[in-house]
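In what follows, a structure is listed as structure tokens, so that the remarks can point back to it.
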């Protein structure tokens, strides 16, 4: 009786974990649309419902005598056949299939399994062979040795294929599914030869429950990783959009200034030409020379504007960046201390408008950290370029990570991306036990 009680507990545990694993597998399939994952989720669900839920737990309590054995055989045989068919589909179907609906596949599989069970109930001889490997059920209806070994082989072959496929790609869900099937085969081997409910049968059921438990744990871990990966891609996409928007704003400012310079040059040229045309006879030689020089200067300026690229980085004094950074931090209400650790004439290669945006993003990130105490701005040489650092003690949450993508949120990530596109770099580093430094490494002049 104790063994039978343990057997029921193991079957119940297997059913619960199979349902949970199938649910997590479906959620994981929605994240990656791998057809093998969907079919394995459905196979696990059918196995739990038919083999464990109906054949092992429900029908033995609802039916009596020989009708009980026939009903159990029909449910078990239908569940094993349907599970095997779904496993074959998981092995043979293409990698991605976003057109299917999980509820449709699972519902169709369960309905087909129940219908198959009703059909097998009409042919008890076939059902008993499929379920237990013997025609005509007697006693406790234990599967024969040959039956267990056959199903062990049936689970082992696709299990090894899925395991190898999952480790080669890699695909964690596929690998865990292969591990499930191999462990199910081991459970059959453990229970082989038992003619009644004894330690071997209980051991086989425990191994089976362990298999579904391991699948649940593995799929849950993989699902969590998939969610984190999707969140990281979403974050990168958001950073890319913000960076592109920032570049567009910088380009708008630069091109607006260029249009202003072009308009001034054209106006100077038109004004000088109009004056010479209308008042040439009343102008003395000096005025004519001055107007002609103005026209030449305007033409030269137009030539320069037509040849230069307004968004190409130029030589940029680090002192200008330091002054702008200190002013922005002070304007944000922070106590700023400046420390220059290098020559005062440091220059780097940067676009002034773009550099202003980078500094603005850094100031916003520092402000979000609610620094306690003074904020130190340090300018120093770095190779042939320069490094501009902001050092402070966070008063709120701690900036984490060692680069803009892992610490400081979107603002530092946008600043890091803008610097990287100009051959610079942004780092977030810990200083001592409770301080951090945001370091901007600026490229050397061309």
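In my numbering, the protein residues as written are 463 to 908. Where a beta carbon is used, it is the ideal one built from N, C-alpha and C, also for glycine.
Collapsed DSSP secondary structure at residue i in the structure displayed
{"i": "residue 698", "result": "helix"}
{"i": "residue 596", "result": "coil"}
{"i": "residue 877", "result": "helix"}
{"i": "residue 936", "result": "There is simply no residue 936 to check, as the chain begins at 463 and stops at 908 in what is shown."}
{"i": "residue 863", "result": "Low confidence applies here, because residue 863 scores a pLDDT of 41, under 50, leaving its location unreliable; read the following figure in that light. Coil at residue 863, not helix or strand."}
{"i": "residue 868", "result": "Confidence in residue 868 is poor, its pLDDT being 41 and thus under 50, which makes the residue's placement too unreliable to answer from."}
{"i": "residue 620", "result": "helix"}
{"i": "residue 585", "result": "coil"}
{"i": "residue 540", "result": "helix"}
{"i": "residue 522", "result": "helix"}
{"i": "residue 604", "result": "coil"}
{"i": "residue 742", "result": "coil"}
{"i": "residue 654", "result": "coil"}
{"i": "residue 796", "result": "coil"}
{"i": "residue 786", "result": "helix"}
{"i": "residue 489", "result": "helix"}
{"i": "residue 895", "result": "coil"}
C-alpha gap between residue i and residue j, whole angstroms
{"i": "residue 866", "j": "residue 811", "result": "For residue 866, the predicted structure reports a pLDDT of 40, less than 50, and the residue's modelled location is therefore unreliable. The matter cannot be settled from this model."}
{"i": "residue 834", "j": "residue 814", "result": "30 Å"}
{"i": "residue 505", "j": "residue 876", "result": "45 Å"}
{"i": "residue 878", "j": "residue 904", "result": "11 Å"}
{"i": "residue 679", "j": "residue 627", "result": "19 Å"}
{"i": "residue 726", "j": "residue 493", "result": "57 Å"}
{"i": "residue 646", "j": "residue 698", "result": "41 Å"}
{"i": "residue 539", "j": "residue 689", "result": "37 Å"}
{"i": "residue 575", "j": "residue 693", "result": "38 Å"}
{"i": "residue 624", "j": "residue 907", "result": "55 Å"}
{"i": "residue 577", "j": "residue 691", "result": "41 Å"}
Residues bridged to residue i [DSSP beta-bridge criterion]
{"i": "residue 778", "result": "810"}
{"i": "residue 801", "result": "840"}
{"i": "residue 685", "result": "Answer is none; residue 685 lacks a bridge partner."}
{"i": "residue 852", "result": "839, 900"}
{"i": "residue 834", "result": "855"}
{"i": "residue 890", "result": "900"}
{"i": "residue 819", "result": "Paired residues: none, contrary to the question."}
{"i": "residue 847", "result": "844"}
Beta-carbon gap between residue i and residue j smaller than 8 Å
{"i": "residue 666", "j": "residue 649", "result": "yes"}
{"i": "residue 872", "j": "residue 687", "result": "no"}
{"i": "residue 874", "j": "residue 893", "result": "no"}
{"i": "residue 531", "j": "residue 483", "result": "no"}
{"i": "residue 809", "j": "residue 777", "result": "yes"}
{"i": "residue 489", "j": "residue 685", "result": "yes"}
{"i": "residue 472", "j": "residue 608", "result": "no"}
{"i": "residue 534", "j": "residue 521", "result": "yes"}
{"i": "residue 491", "j": "residue 593", "result": "no"}
{"i": "residue 487", "j": "residue 635", "result": "yes"}
{"i": "residue 841", "j": "residue 802", "result": "yes"}
{"i": "residue 449", "j": "residue 730", "result": "Past the edges of the chain, shown from 463 to 908, lies residue 449, and the structure says nothing about it."}
{"i": "residue 857", "j": "residue 884", "result": "no"}
{"i": "residue 519", "j": "residue 470", "result": "yes"}
Whole-number beta carbon distance between residue j and residue i, since they are thought to touch under 8 Å
{"i": "residue 512", "j": "residue 541", "result": "3 Å"}
{"i": "residue 785", "j": "residue 880", "result": "So it is not a contact: roughly 20 Å between Cβ atoms."}
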